[in-house]
Amino acid sequence: MNHEGHVGAIEAGGTKMVCAVGASWQEIRDGEKFVVPTTSPEETMALVMDWFVERDAETPLAAIGVASFGPIDFATDSIAMSTPKDAWRGVSWRRHVSRRLRDAAIGLDTDTNAAGLAEWRWGAAQDRQVAAYVTVGTGIGGALIINGAPVHGLLHPEMGHMVVPRQRGDEFAGTCPAHGDCLEGLACGLAVTRRWGHSGPQFPPDHAAWELESDYLALALVNIITIASPEVIIMGGGIMAVEGLLDRVRTKVRDRMAGYVAKEELASRIGEYIVAPGLGSSSGVVGAYALGSRAALDERK
Ligand SMILES: [Zn+2]
1 MNHEGHVGAI EAGGTKMVCA VGASWQEIRD GEKFVVPTTS PEETMALVMD WFVERDAETP
61 LAAIGVASFG PIDFATDSIA MSTPKDAWRG VSWRRHVSRR LRDAAIGLDT DTNAAGLAEW
121 RWGAAQDRQV AAYVTVGTGI GGALIINGAP VHGLLHPEMG HMVVPRQRGD EFAGTCPAHG
181 DCLEGLACGL AVTRRWGHSG PQFPPDHAAW ELESDYLALA LVNIITIASP EVIIMGGGIM
241 AVEGLLDRVR TKVRDRMAGY VAKEELASRI GEYIVAPGLG SSSGVVGAYA LGSRAALDER
301 K
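When you line the sequence shown up against our numbering, it's residues 1 to 301, in that order.
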């Protein structure tokens, strides 16, 4: 067994952290998960790192990959000061990992970029030059994977905060603390809950909530398609599990594009163009593994 290939993976979300170790992406997907609620950085980091230190004692970990909520400041490998999660401002992944696991390399990216990378390597975006991954859950995020690398540019994309035209009759102010009625403010899980007064997934599939939700998500995808020209768009996250929502989005994207991009992907093959994640709900933690395994390889060069 190649012990040097053992990698720890952390999918660090706003409500929970999912931790796993393994020597392959399948082991990460199928193996034991250690799940910790995201509370204070001190409490959460102690529980997470205690678990990895125990795993490291069994089989040394070459690297830890972290797929973190953001925004992320890559200059310091920290959670950026602009994060809406106040207690986590400036919390350094690098410092927390290296303090407890001195020999482990660290690979860090946003949870969305990591999930997109996992989908490109092993999921629904394999062999695509340009792929988009959009997650719709508590928040909304989007990644653009070009030739196998998540786009970073200035920082990293923040597609959840794009502006989409407010739909007629929708008076809801929006939930985004920074922008109010950006896409995330209008269409994330929290927005659905607050606008309609219940937890979204409890609504039946024919509830008006999902008609409006599909309007906003389709507009967002039209923006992504017109800017980035992806060859596939993967839609993950808890909200996308609502029955029929993905189909509504497909139909609205096709109608809104109105044949202007004359490709079958935006016509008869829309069902193969806007798709669910190939890795199911495992994209995030498998993405963390992808970041960790790459960091381990870079370290050995
Ligand atoms: Zn926003």
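Ideal placement from N, C-alpha and C gives every residue a C-beta, glycine not left out.
From a predicted model like this one, the values you see are computed outputs, not experimental measurements.
With a cut-off of 8 Å on Cβ pairs, the segment 105-112 is in contact with the segment 67-81, counting three or more such pairs. In the three-state reduction of the DSSP assignment, residue 286 falls in the helix class, which pools H, G and I. CA-CA distance, residue 29 to residue 20, rounds to 8 Å.
If you keep only unbroken beta strand (DSSP E) runs of at least 3 residues inside the segment 78-137, you get 105-110 and 130-136.
For residue 246, there is no enclosing beta strand (DSSP E); the enclosing alpha helix (DSSP H) covers residues 245-257.
Cα atoms of residue 243 and residue 205: separation of roughly 6 Å, rounded to the nearest angstrom. If you check the CB distance, residue 131 and residue 233 come in under 9 Å. Short note on residue 185: C-beta closer than 8 Å to some heavy atom of ligand 1. The Cβ atoms of residue 41 and residue 178 do not sit closer than 9 Å to each other. Residue 8 holds the alpha-carbon nearest to the alpha-carbon of residue 57 among 116, 91 and 8.
Residue pairing of residue 16 in beta bridges, as defined by DSSP: 37.
Here the distance from the Cβ of residue 179 to the nearest heavy atom of ligand 1 is below 8 Å.
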